[in-house]
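So the protein lines, in turn, are chains B and C. For the first sequence, the working numbering gives the first residue as 275, with consecutive numbering after it. For the second sequence, the working numbering gives the first residue as 275, with consecutive numbering after it. For every residue, glycine included, the Cβ atom is placed at its ideal position computed from N, Cα and C. Quick notes on the structure that follows.
2 protein chains.
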Amino acid sequence: MSILDVKWDPKEKKIARTAFDRAYQREMAEIKAALLDQITKLKDDEKVWSIHNYLSECRAEVDRKYDYRYSQLILVFGRLLKEGYLKEEDIVGLSDDKIKLIKVCHQINKSNIIHVC
Amino acid sequence: MSILDVKWDPKEKKIARTAFDRAYQREMAEIKAALLDQITKLKDDEKVWSIHNYLSECRAEVDRKYDYRYSQLILVFGRLLKEGYLKEEDIVGLSDDKIKLIKVCHQINKSNIIHVC
Numbered sequence: 275m276s277i278l279d280v281k282w283d284p285k286e287k288k289i290a291r292t293a294f295d296r297a298y299q300r301e302m303a304e305i306k307a308a309l310l311d312q313i314t315k316l317k318d319d320e321k322v323w324s325i326h327n328y329l330s331e332c333r334a335e336v337d338r339k340y341d342y343r344y345s346q347l348i349l350v351f352g353r354l355l356k357e358g359y360l361k362e363e364d365i366v367g368l369s370d371d372k373i374k375l376i377k378v379c380h381q382i383n384k385s386n387i388i389h390v391c
Numbered sequence: 275m276s277i278l279d280v281k282w283d284p285k286e287k288k289i290a291r292t293a294f295d296r297a298y299q300r301e302m303a304e305i306k307a308a309l310l311d312q313i314t315k316l317k318d319d320e321k322v323w324s325i326h327n328y329l330s331e332c333r334a335e336v337d338r339k340y341d342y343r344y345s346q347l348i349l350v351f352g353r354l355l356k357e358g359y360l361k362e363e364d365i366v367g368l369s370d371d372k373i374k375l376i377k378v379c380h381q382i383n384k385s386n387i388i389h390v391c
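Pasting the structure below:
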């Protein structure tokens with residue numbers, strides 16, 4: 275089965291949306307904390323642009339990562355689970371097949387997943 | 275006299291460089307303090323990109339403003355003096371003509387200065 279063929283019923287879509295938003299909130303909280311840490315440790319005021327560079331990278335990465343298309347959601351959840359922003363309890367209620375795919379997918383290189391899963 | 279014709283002798287160039295750097299340091303310190311203030315006041319973690327937007331604007335503005343070409347320095351110093359990043363004591367040692375131009379220029383719209391000064 276390809277992850278592109280996965281079907282999401284209305285109940286699962288609701289669970290997925292909540293899980294997705296929670297992961298996003300956790301990651302944003304982490305970025306904010308890292309930002310605060312960087313600023314308080316910044317000894318040279320003139321290096322404040324390093325913080326801008328950091329935020330630019332984070333923003334690009336987050337924008338790329340949080341793709342809510344259903345065709346991508348297994349991959350996205352796999353990655354978020356691996357990175358710790360998604361918790362297993364967040365996806366309770368999804369079908370066993372989807373949970374299995376999510377757990378497997380995060381261990382596999384993205385370029386292989388489409389064919390393997 | 276056009277500000278484009280202003281000549282800077284070696285002693286004045288040294289004073290100008292130091293004054294320019296001091297103004298830059300003051301502005302960067304202010305940006306850092308504002309940044310810290312914004313982060314500590316940020317109640318919604320998901321609005322952390324507003325800080326990125328703020329820094330992007332500051333960076334573009336600072337990059338535009340701090341133009342060390344001698345043909346622009348009177349204008350730049352005029353603006354920095356007006357904004358408080360440059361102090362009058364920073365430019366002590368420049369010729370009276372230059373100091374007068376700097377003090378006059380900050381009150382005039384940039385588009386008029388080239389012709390008026």
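Let me confirm a value: residue i is counted as buried when at least 16 other C-beta atoms fall within 10 Å, else exposed. Which label applies?
i: residue 342 (chain C); result: exposed
i: residue 350 (chain C); result: buried
i: residue 322 (chain C); result: buried
i: residue 368 (chain B); result: buried
i: residue 334 (chain B); result: exposed
i: residue 385 (chain B); result: Interpretation of residue 385 (chain B) is limited by its pLDDT of 48, a score under 50 that renders its predicted location unreliable; the figure taken from the coordinates is listed afterwards. Result: exposed.
i: residue 288 (chain C); result: exposed
Are the beta-carbon atoms of residue i and residue j separated by less than 8 Å?
i: residue 380 (chain B); j: residue 361 (chain B); result: no
i: residue 348 (chain B); j: residue 329 (chain B); result: no
i: residue 300 (chain B); j: residue 359 (chain B); result: yes
i: residue 395 (chain B); j: residue 316 (chain C); result: Not covered by the structure: residue 395 (chain B). The range shown for chain B is 275 to 391.
i: residue 370 (chain C); j: residue 296 (chain C); result: no
Can you tell me the Cβ-Cβ gap for residue i and residue j, rounded? I've got them flagged as a contact below 8 Å.
i: residue 353 (chain C); j: residue 339 (chain C); result: 7 Å
i: residue 319 (chain C); j: residue 306 (chain B); result: 5 Å
Q. What residues from the region 319-331 of chain B come within 9 Å of chain C, judged by C-beta to C-beta, listed N to C?
A. 319, 320, 321, 322, 323, 325, 326, 329, 330
Q | Interface residues of the region 292-308 of chain C facing chain B [CB-CB below 8 Å] | A | 298, 299, 302, 303, 305, 306
Q. Listed from N- to C-terminal order along the chain, which residues in the region 333-367 of chain C have their beta-carbon within a distance smaller than 8 Å of any beta-carbon of chain B?
A. 333
Q. Whole alpha helix (DSSP H) runs in the region 333-381 of chain C with 4 or more residues, listed along the chain?
A. 347-357, 370-379
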